[in-house]
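Asker: Going from the sequence shown to this note's numbering is simple: count from 1 and add 11.
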Amino acid sequence: MPAEAIALMAAFAYASVSVSSRLGLRYSTPLTATCVAMVVRMTLLWCAVLATGGVPRVASLALLIFVFLGVMQTGTSYLTFTGVARIGASRSQPLRTTYPLWSAAWSVALLGESLTPGVLAGTVLVVAGTILISWSPDRGTPSYRWWHILFPLSAAFLAGIAFPVRRYGLDISNEPLFFAAVLATVASVCLAVSLSAGGTRDRIAWDRRAVLPFVVAGAFETAASLFSLIAVSMGKVVAVAPLVATSPLWTLLLAVLVLRGVERITAKSVAGTLAVVAGTVTIIATSH
């Protein structure tokens, strides 16, 4: 299966994370969603590692790189869930997916990848579409403030840095499943340390109505993180990252089907989605 197809699978899984968590966030908090998703992801990934032959031998440098990425992912995950809670899944996720611009810049500078005019044009279309989708606050989130967009944008910046760093680590030791489990474990440990040190003002709020959506979000996040790493290990970051960023298309479609009465779809959302689709087609057609 080509890297582009796996990247699109990751995009759908990431969109499913946003929609699933949005359903649970009606009854609970972003911190609760983060905790449940991390535990589910860590459990599923380590079970998969053990089921496929156990812990592989990898280079120490590659392991250290993914430990560092796990620390970064703690903040990224929390910022993502907070953005969903503050401005809604169909608008937070598009802002979160502006990271291809950062990924492209770092990949060209650090990995020496070439950015063709077609891939660049497709990336710009994807990012422009995500911004258009995100332009208006969701009426389902009356507490919206303009600065709430900083939550998903900060997550996007961290994700943009992470993509080329992941590729560098996978070039050293190509074990995406094991490293996905390492990422999940380190992120979980960091979150536990932060909670014990009082590093967040958010609170854990258990509500049985939120448990299933959060568990489902964790399962989708497991698939998304694994597909993303596999795609990065197989293809160029400048082409893979924008395709993973097409999740607003799937978020919009899922929001129409699942979030009726929770989120409102606008003409701008539809126009932005068309731009994302056009960018995706352009990238796939010109990335080889």
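All residues carry an ideal CB built from backbone N, CA and C; glycine is no exception.
Identify every run of the beta strand (DSSP E) within the region 83 to 118, keeping only runs that are complete inside it and at least 3 residues long; order them along the chain.
Answerer: Runs found: none.
Asker: Which two residues bound the contiguous alpha helix (DSSP H) that contains isoleucine 241?
Answerer: Walking along the sequence shown from the start, residue 241 turns up at place 230. Segment 219 to 245, the alpha helix (DSSP H) holding isoleucine 241.
Asker: Let me know if cysteine 58 comes out buried or exposed under the rule of 16 or more other beta-carbons within 10 Å of its beta-carbon.
Answerer: Here residue 58 is taken as the residue at index 47 of the sequence shown, counted from 1. So cysteine 58 ends up on the exposed side.
Asker: Short of 6 angstroms in beta carbon distance, which residues of its chain neighbour glycine 171, apart from the five on each side in sequence? Order them along the chain.
Answerer: As a working mapping, residue 171 is identified with position 160 in the sequence shown. Excluding sequence neighbours, glycine 171 sits near Tyr110, Trp113 and Ser114.
Asker: Find the nearest neighbour of tyrosine 7 within the set Lys279, Val288, Phe189 and Lys247, judged by alpha-carbon distance.
Answerer: In the structure as shown, the chain begins at 12 and stops at 299. Residue 7 is therefore absent and cannot be evaluated.
Asker: How should arginine 177 be labelled, buried or exposed, when 16 other C-beta atoms within 10 angstroms of its C-beta is the threshold for buried?
Answerer: Within the sequence shown, residue 177 is the residue found at index 166, counting from 1. The residue is buried, with at least 16 neighbouring Cβ atoms inside 10 Å.
Asker: At what residues does the alpha helix (DSSP H) containing tyrosine 38 begin and finish?
Answerer: Numbered from its first residue, the sequence shown carries residue 38 at position 27. For tyrosine 38, no alpha helix (DSSP H) encloses it, and the DSSP letter there is neither H nor E.
Asker: Apply the 10 Å Cβ neighbour rule to leucine 106 and answer buried if 16 or more other Cβ atoms are within range, or exposed otherwise.
Answerer: For the purposes of this step, residue 106 is identified with residue 95 of the sequence shown, where counting begins at 1. When all chains shown are included, leucine 106 counts as buried.
Asker: Report the residue from Ser118, Val267 and Ala256 whose alpha carbon sits nearest the alpha carbon of threonine 108.
Answerer: On the sequence shown, residue 108 is found 97 positions in, with the first residue counted as 1. Threonine 108 has its Cα closest to that of Ala256, out of Ser118, Val267 and Ala256.
Asker: Taking buried to mean at least 16 other C-beta atoms within 10 Å of its own C-beta, is proline 13 buried or exposed?
Answerer: For this step, residue 13 is matched to residue 2 along the sequence shown. Proline 13 is exposed by the Cβ-count criterion.
Asker: Report yes or no: do three or more beta-carbon pairs, one from the region 70 to 83 and one from the region 188 to 203, lie closer than 8 angstroms?
Answerer: yes
Asker: In the DSSP assignment, find the unbroken alpha helix (DSSP H) run with proline 13 in it and report its ends.
Answerer: One-based indexing of the sequence shown puts residue 13 at position 2. Premise fails: proline 13 is in no alpha helix (DSSP H) and is neither H nor E.
Asker: Whole angstroms is fine: what's the gap from alanine 230's alpha carbon to serine 29's?
Answerer: One-based indexing of the sequence shown puts residue 230 at position 219. One-based indexing of the sequence shown puts residue 29 at position 18. Answer to the nearest angstrom: the Cα atoms are 12 angstroms apart.
Asker: Quick check: the Cα distance between alanine 242 and valine 251, rounded to an integer number of angstroms?
Answerer: The residue you call residue 242 lines up with position 231 of the sequence shown. The residue you call residue 251 lines up with position 240 of the sequence shown. Rounded to the nearest angstrom, the two C-alpha atoms are 7 angstroms apart.
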